[in-house]
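Have a look at the structure below before the remarks.
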Amino acid sequence: MTDYDVAVIGSGPGGYPAAIRAAQLGLSTVCIEREFLGGICLNLGCIPSKALLRNAEVLSTVRNASEYGIEVSGVTANYAVGVARSRKVVERLTKGVASLFRRDGVAYVEGNATITGPREVSVDGERIGCQNIIIATGARPALPPPLAADGEVVVTYREVIVDEQVPGRVVIVGGGATGIEFAYLYNVYGAQVTLVEFLPRILPKEDEEISQALSRALGSQGIRLLTGASVTAVAVQDGTARVTIAASDETLELEADRVLVAAGITPNTDGLGVENAGGTLERGFIRVDDRLRVNGENVYAVGDVNGRLPLAHVAHAEGVYAAEHIGGLNPPALDYPGMPRATYCNPQVASIGLTESEAREQGYPIKVGKFPFLANGKALAVGHREGFAKIVADSSTGELLGAHLIGHEVTELLGELSMARLLDGTDVEIGRLVNVHPSMSEAVKEAALAAV
Numbered sequence: 022m023t024d025y026d027v028a029v030i031g032s033g034p035g036g037y038p039a040a041i042r043a044a045q046l047g048l049s050t051v052c053i054e055r056e057f058l059g060g061i062c063l064n065l066g067c068i069p070s071k072a073l074l075r076n077a078e079v080l081s082t083v084r085n086a087s088e089y090g091i092e093v094s095g096v097t098a099n100y101a102v103g104v105a106r107s108r109k110v111v112e113r114l115t116k117g118v119a120s121l122f123r124r125d126g127v128a129y130v131e132g133n134a135t136i137t138g139p140r141e142v143s144v145d146g147e148r149i150g151c152q153n154i155i156i157a158t159g160a161r162p163a164l165p166p167p168l169a170a171d172g173e174v175v176v177t178y179r180e181v182i183v184d185e186q187v188p189g190r191v192v193i194v195g196g197g198a199t200g201i202e203f204a205y206l207y208n209v210y211g212a213q214v215t216l217v218e219f220l221p222r223i224l225p226k227e228d229e230e231i232s233q234a235l236s237r238a239l240g241s242q243g244i245r246l247l248t249g250a251s252v253t254a255v256a257v258q259d260g261t262a263r264v265t266i267a268a269s270d271e272t273l274e275l276e277a278d279r280v281l282v283a284a285g286i287t288p289n290t291d292g293l294g295v296e297n298a299g300g301t302l303e304r305g306f307i308r309v310d311d312r313l314r315v316n317g318e319n320v321y322a323v324g325d326v327n328g329r330l331p332l333a334h335v336a337h338a339e340g341v342y343a344a345e346h347i348g349g350l351n352p353p354a355l356d357y358p359g360m361p362r363a364t365y366c367n368p369q370v371a372s373i374g375l376t377e378s379e380a381r382e383q384g385y386p387i388k389v390g391k392f393p394f395l396a397n398g399k400a401l402a403v404g405h406r407e408g409f410a411k412i413v414a415d416s417s418t419g420e421l422l423g424a425h426l427i428g429h430e431v432t433e434l435l436g437e438l439s440m441a442r443l444l445d446g447t448d449v450e451i452g453r454l455v456n457v458h459p460s461m462s463e464a465v466k467e468a469a470l471a472a473v
């Protein structure tokens, strides 16, 4: 039995940063992975999907090149080549993680891990002793009835991210970030897209004005949005799905070449042995304390598997936090309400903090400032004038409660807002910030000034 200071189970965006940080702190560390080095995010999620979305953005730009005085004819789009490009990006990054493991001395073991005690893990029968355990096993797509995936017609992101074919007709179930991004991607490549969301609006966790603006944008692109609707039946025959949808006061039947299920996640805790370390599960997710500990002592759970906020960058932050807590650094508590959020369709959606309605519900006296990209010089110059920036601030103190953006590449504007929140910045201070001119970031400054 090999002994380590830290055993990390899972090498995704929570696991591999945890392992690297633990090793940097001088702790002997092993990282155990059953499927892909880098986890789902790097191999089948965040990274390849953004590469595919970039392909779609380039195609859209080429098709609209005449707006810039450039005439283009005979444009063809080879989706398979675009998929191959995305896999090259994945390969480069997985090699990077392996290189970091070698550099920092992280032992890497492939296999299925089972926790057999608070200081012992079994990997396919081989015992590994460890003083601390960090669980970072992530999650998989949820498949609520009647959406049983067959891997060919009824699928999840795991299948479509590597599929080299664009379906002619696709029904996407789920109006969160994953569903929205694939709706945009497939629509650009010519698919007939219908998106079904059970709640009254898409991106239901975002600010209501943002959701409404995105609905208008996607609708104008030709994507059919059915909100307040649910899939009640799916019948597959000869490679075609007949999808029954209950929408408001009517029932629809659609034929689709593919049904993409993007309706939530299920934590990967089956057979993990969390109970052997003194841990408990809630709806399958691992319960943790405010230090991310499973048993109050030496076992931690980070990322999607703890159910707190299933975002890759949150998993990364939690993984580093757990490693530093084990290393005795006493890191500051993570600010979950201040974690940024992003959806990478076009226009993009980016946000941080409370929505306007959440701020009101929590009793804050608020003031709101907005500024449209239609009045932003850089946005007009580059031909992307759609969207706006919105600031929600405490009317008595000016504290930044939330910021919400929709527009071209607005995910890149979250950095200064995150920093402002970290440093307890106010709307006045954001408004006083001197942004380079012309830039899209000026819209954030102007929204803050509008709040003031």
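Under our numbering, think of the first position of the sequence shown as 22, with each following residue one higher.
The C-beta atom is built at its ideal place from N, Cα and C for all residues, glycine as well.
These numbers were taken from a predicted model, which means no experiment stands behind them.
- For G359, the closest of T376, L74, V370 by C-alpha to C-alpha distance is T376.
- C67: member of the alpha helix (DSSP H) spanning 67-84, first to last residue.
- For the pair D270 and L216, the Cα-to-Cα distance works out to about 18 Å.
- Across the set A212, A169, V192, L454, the C-alpha of A212 shows the shortest separation from the C-alpha of Q186.
- Within the region 330-364, the complete alpha helix (DSSP H) runs of at least 4 residues fall at 333-347.
- Membership of Q233 in any beta strand (DSSP E) is not indicated; the residue belongs instead to the alpha helix (DSSP H) covering 229-241.
- Taking C-alpha positions only, V130 is separated from G35 by approximately 17 Å.
- In this model, T137 and S143 are separated by some 6 Å (Cα to Cα).
- Inclusion of P352 and A160 in the CB contact set at 7 Å is not warranted, their separation being larger than that value.
- Relative to D125, the option among T158, V194, Y37 whose CA is nearest is Y37.
- Rounded to the nearest whole angstrom, the C-alpha separation of G349 and Y357 is 22 Å.
- Of the candidates E303, G384, V315, V315 places its Cα closest to the Cα of N297.
- Secondary structure remark: continuous alpha helix (DSSP H) runs of at least 4 residues inside the region 443-470, in chain order: 448-453.
- Under the three-pair Cβ rule at 8 Å, the region 360-368 counts as touching the region 326-337.
- The three-state reading of DSSP puts P38 in helix, counting H, G and I together.
- Between P459 and K391, the CB-CB gap reaches or exceeds 7 Å.
- Apart from sequence neighbours up to five positions away, the residues of its chain that approach Q45 with a beta-carbon distance below 7 Å are D125, ordered along the chain.
- For I201, the enclosing alpha helix (DSSP H) covers residues 198-209.
- Under the 8 Å Cβ criterion, the region 72-87 counts as touching the region 101-108, having at least three qualifying pairs.
- In the DSSP assignment, R263 falls within the unbroken beta strand (DSSP E) covering 261-268.
- In the DSSP assignment, Y321 falls within the beta strand (DSSP E) that extends over 320-322.
- A residue is called buried once 16 or more other Cβ atoms fall within 10 Å of its Cβ, and G404, having fewer, is exposed.
- By the criterion of a C-beta distance shorter than 8 Å, Y178 is surrounded in its chain by L65, G66, S70, P162, T199, F203, L281, A283, once the five residues flanking it on both sides are discounted.
- Minimum Cα-Cα distance from A380 among the listed residues S439, R237, E227 corresponds to E227.
- Contact check for A128 against V27 fails: the beta carbons are separated by 7 Å or more.
- Counting along the chain, S32 sits inside no alpha helix (DSSP H), nor does DSSP assign it H or E at all.
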